[in-house]
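J.: Starting off with a structure, shown below.
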């Protein structure tokens, strides 16, 4: 017995699309095998960038969206802390916003059981929305 792969027999009365598909199958397998590592690497890169808070990407999932929003708040507060033209009370407020943003980021990283994740994320969203509203009111 030889170890060569079985060839699929296609009769002449088979549908033309089936005949073409059987002839192209080896080429399609090779193309898919060549493209798979590129596609997997690209998807992994996009997922990593999303989890790192890259705001140029659309958020993938609720947690990534929360992570992006929290990163935005903490970055805004950090930039404000670094400014020298602020009044002392404005600088203190910016530090407080930054601290609260970091606390939200830490809460997001907590390991929560699956049945409590939605409530946990909803709690973080409420606190984040309150922080956004407070910052928005103060910065207008």
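Numbering (my numbering), first residue to last: 4 to 143.
C-beta: ideal position from N, C-alpha, C; glycine also.
Quick caveat, the model's predicted, so the values are computed rather than measured.
1) Please state the DSSP three-state secondary structure of residue 18.
2) What runs of the beta strand (DSSP E), each 3 residues or longer, lie entirely inside the segment 63-90?
3) In angstroms with no decimal places, state the Cα-to-Cα distance between residue 143 and residue 66.
4) Grab the span of the alpha helix (DSSP H) containing residue 130 for me, first residue to last.
5) Are the CB atoms of residue 101 and residue 133 nearer to each other than 8 Å?
6) Candidates 96, 129 and 26: which alpha carbon is nearest residue 110's?
7) For residue 85, does the count of other Cβ atoms within 10 angstroms reach 16, so buried, or fall short, so exposed?
T.: Concretely, from the data shown:
1) Residue 18 sits at position 15 when you count from the first residue of the chain shown. Note: residue 18 maps to coil in three-state DSSP.
2) none
3) Here the question's residue 143 lines up with position 140 in the chain shown. Here the question's residue 66 lines up with position 63 in the chain shown. The alpha-carbon atoms of residue 143 and residue 66 are separated by roughly 29 Å.
4) Translated into the one-based positions of the chain shown, residue 130 becomes position 127. 120-142 is the span of the alpha helix (DSSP H), which, as asked, contains residue 130.
5) As a first step, residue 101 is located in the chain shown; it is residue number 98 there, counting from the start. As a first step, residue 133 is located in the chain shown; it is residue number 130 there, counting from the start. The Cβ-Cβ distance between residue 101 and residue 133 does not fall below 8 Å.
6) Here residue 110 corresponds to residue number 107 of the chain shown, with the count starting at 1. Nearest of 96, 129 and 26 to residue 110, Cα basis: 129.
7) In the chain shown, the residue the question calls residue 85 occupies position 82. Residue 85 is exposed by the Cβ-count criterion.
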